[in-house]
Amino acid sequence: TELDEIMATERAALDDLEAQAHESGDRRREEVTQDVVAERRSELGALPDNLAGRLRALAGYEFTSSEARERFDELTEGLRQEVVQSYLDQAAGAALASDPEGRDRLRRALDGLNTMLEQREAGVDLDPSFERFMEEFGDIFPGGARSLDELLAQLSER
Numbered sequence: 359t360e361l362d363e364i365m366a367t368e369r370a371a372l373d374d375l376e377a378q379a380h381e382s383g384d385r386r387r388e389e390v391t392q393d394v395v396a397e398r399r400s401e402l403g404a405l406p407d408n409l410a411g412r413l414r415a416l417a418g419y420e421f422t423s424s425e426a427r428e429r430f431d432e433l434t435e436g437l438r439q440e441v442v443q444s445y446l447d448q449a450a451g452a453a454l455a456s457d458p459e460g461r462d463r464l465r466r467a468l469d470g471l472n473t474m475l476e477q478r479e480a481g482v483d484l485d486p487s488f489e490r491f492m493e494e495f496g497d498i499f500p501g502g503a504r505s506l507d508e509l510l511a512q513l514s515e516r
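Numbering (the numbering used here), first residue to last: 359 to 516.
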């Protein structure tokens, strides 16, 4: 899978980092590098078995390989878009049977969700805040999500 390839790239980068430190002949650099590499390998080894848990854990992981980080970011963004699109497709089908006011509210909720995803991708603060979004549209997205990541994970599990 793509995630397995990303993990292999990261593990290879850790091996390279360790080899470079060893080849440098600098004992202190080698010790520090070994500690860092051991910690990162431990983090990778402790990842949950389920995909959603792995993705959440890796979102906060400090990648050694910039290539692995970029590929991970692309993977998560692609998954987010697929989840949102799937939810949009399901919601659109349900909205067709509801009243015009319900369809308009659903459209505003999905627009707000897309806006938050775009803002997060751009690295800016969410406006509206996630809390404000859930106050207005939480009934559309049941599950009690406390963050955008939790909401996306819940949607992906549906």
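Glycine is no exception: its CB is placed at the ideal position from the N, C-alpha and C atoms.
Proximity of residue i and residue j at Cβ, strictly below 8 Å
i: A511; j: A377; result: no
i: L464; j: I498; result: yes
i: L506; j: R478; result: yes
i: L416; j: R398; result: no
i: L361; j: R414; result: no
i: E388; j: A379; result: yes
i: Y419; j: E435; result: no
i: A467; j: F488; result: no
When the options are compared against residue i, the one with the closest alpha-carbon
i: R369; options: S487, R427, L437 and D483; result: R427
i: D393; options: N408, S382, E381 and L375; result: L375
i: S444; options: D407, N472, D384 and S382; result: N472
Contacts around residue i, its chain only, beta-carbon distance under 7 Å, and the 5 residues preceding and following it disregarded
i: P486; result: G470
i: P406; result: R412 and A415
i: V482; result: none
i: A480; result: none
i: E493; result: none
Contacts around residue i, its chain only, beta-carbon distance under 6 Å, and the 5 residues preceding and following it disregarded
i: S423; result: T367, E368 and A371
i: F491; result: G470
i: L484; result: M474 and Q477
i: I364; result: A426, R429 and F430
i: A503; result: L509 and Q512
i: G501; result: Q512
Counted within 10 angstroms of its Cβ, other Cβ atoms place residue i as buried (16 or more) or exposed
i: A404; result: exposed
i: R438; result: buried
i: T591; result: Nothing in the structure corresponds to residue 591, since the chain is present only between 359 and 516.
Sequence-distant residues of the same chain with beta carbon closer than 8 Å to residue i, five excluded per side
i: S382; result: E388
task: Entirely within the region 399–426 and at least 3 residues each: give me those beta strand (DSSP E) ranges in chain order.
output: none
query: Which ranges does the alpha helix (DSSP H) cover as unbroken runs of at least 4 residues, wholly within the region 428–516, from first to last along the chain?
result: 458–480, 488–495 and 506–515
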